[in-house]
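*Asks:*
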């Protein structure tokens with residue numbers, strides 16, 4: 783009798799496949815592609831957290847939600863790099879927001895230019911994963927992206943009210959840093 787699939791297992795998807803999926807969704811759905819990718823990323827957050835927790839155990843670390851914040855950031859960076867997502871740095875931006883930066887993020891595609899940041903799968907994944915660790919809802923928004931001509935991808939993570947403010951101000955033409963400064 784075949785064994786049942788492991789619900790915690792992660793599948794490696796080649797970067798080219800993830801990028802091709804985005805291109806196909808843009809072609810077929812237009813701007814609707816964003817919510818599809820974000821929802822898919824959000825749905826995978828729990829499995830990514832479970833894999834990260836298992837990785838922490840194998841690496842001699844405690845459960846992610848119990849780690850000191852600096853250890854958590856360093857562990858998450860190592861885990862994501864080893865999993866093939868890319869190298870990240872995590873930087874607090876004041877009291878309410880974290881910035882996650884990567885110059886080699888898997889979802890970004892400088893060869894398929896987009897008019898705006900578009901790593902929506904990753905934004906959904908970060909929102910669910912980090913919300914589970916925080917045991918509170920969080921929002922995640924990419925504010926710079928290699929797919930839209932930036933030198934690196936930058937995701938902002940914070941509580942939903944803060945992220946809604948940042949999003950609203952960006953749609954009004956303000957920069958994300960200006961939007962964050964308004965909250966200080």
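Numbering (my numbering), first residue to last: 783 to 966. Positions of the beta carbon are idealized from the N, C-alpha and C atoms, including for glycine.
For residue 896, which option in 796, 808, 803 has the closest C-alpha, if you only look at C-alpha atoms?
*Replies:* Checking every option, the nearest Cα to that of residue 896 belongs to 808.
*Asks:* Quick one: what's residue 936 bridged to in DSSP?
*Replies:* Residue 936 is bridged to 883, 926.
*Asks:* Please classify residue 950: is it buried, with 16 or more other beta-carbons within 10 angstroms of its beta-carbon, or exposed?
*Replies:* By the neighbour-count rule (16 or more Cβ atoms within 10 Å), residue 950 is not buried but exposed.
*Asks:* Under 6 Å from any heavy atom of the ligand GDP, does the C-beta of residue 838 make it?
*Replies:* By its list of ligands, the structure shown contains no ligand whatsoever, and the ligand GDP lies outside what it can speak to.
*Asks:* From what residue to what residue does the beta strand (DSSP E) around residue 872 run?
*Replies:* Looking at the DSSP string, the run of the beta strand (DSSP E) that includes residue 872 is 871 to 875.
*Asks:* In this structure, does DSSP put residue 921 in helix, strand or coil?
*Replies:* It is a strand residue.
*Asks:* Which same chain residues, not among the five before or five after residue 926, have their C-beta less than 7 Å away from its C-beta?
*Replies:* Contacts found: 899, 932, 934, 935, 936.
*Asks:* Mapping the DSSP letters down to three states, classify residue 841 as helix, strand or coil.
*Replies:* Residue state, collapsed to three classes: coil.
*Asks:* Taking residue 941 as the reference, give the member of 816, 825, 913, 966 with the closest Cα.
*Replies:* Taking only the C-alpha atoms, the option nearest residue 941 is 913.
*Asks:* Note the first and the last residue of the continuous alpha helix (DSSP H) segment covering residue 906.
*Replies:* It spans 902 to 916 - the alpha helix (DSSP H) in which residue 906 sits, taken as one unbroken run.
*Asks:* Tell me whether residue 910 is buried or exposed, calling it buried when 16 or more other Cβ atoms sit within 10 Å of its Cβ.
*Replies:* Buried, by the Cβ-count rule.
*Asks:* Would you kindly report the start and end of the unbroken alpha helix (DSSP H) that includes residue 931?
*Replies:* Taken as a continuous stretch (DSSP letters only), residue 931 belongs to no alpha helix (DSSP H), as it is neither H nor E.
*Asks:* Would you call the CB atoms of residue 915 and residue 852 closer than 7 Å?
*Replies:* It is not a contact, given that the beta carbons lie outside the stated cut-off.
*Asks:* Among 888, 939, 920, which has the Cα closest to the Cα of residue 928?
*Replies:* Nearest option by C-alpha distance: 888.
*Asks:* From this set, 861, 814, 829, which residue's C-alpha is nearest residue 843's C-alpha?
*Replies:* Here the closest residue by C-alpha is 861.
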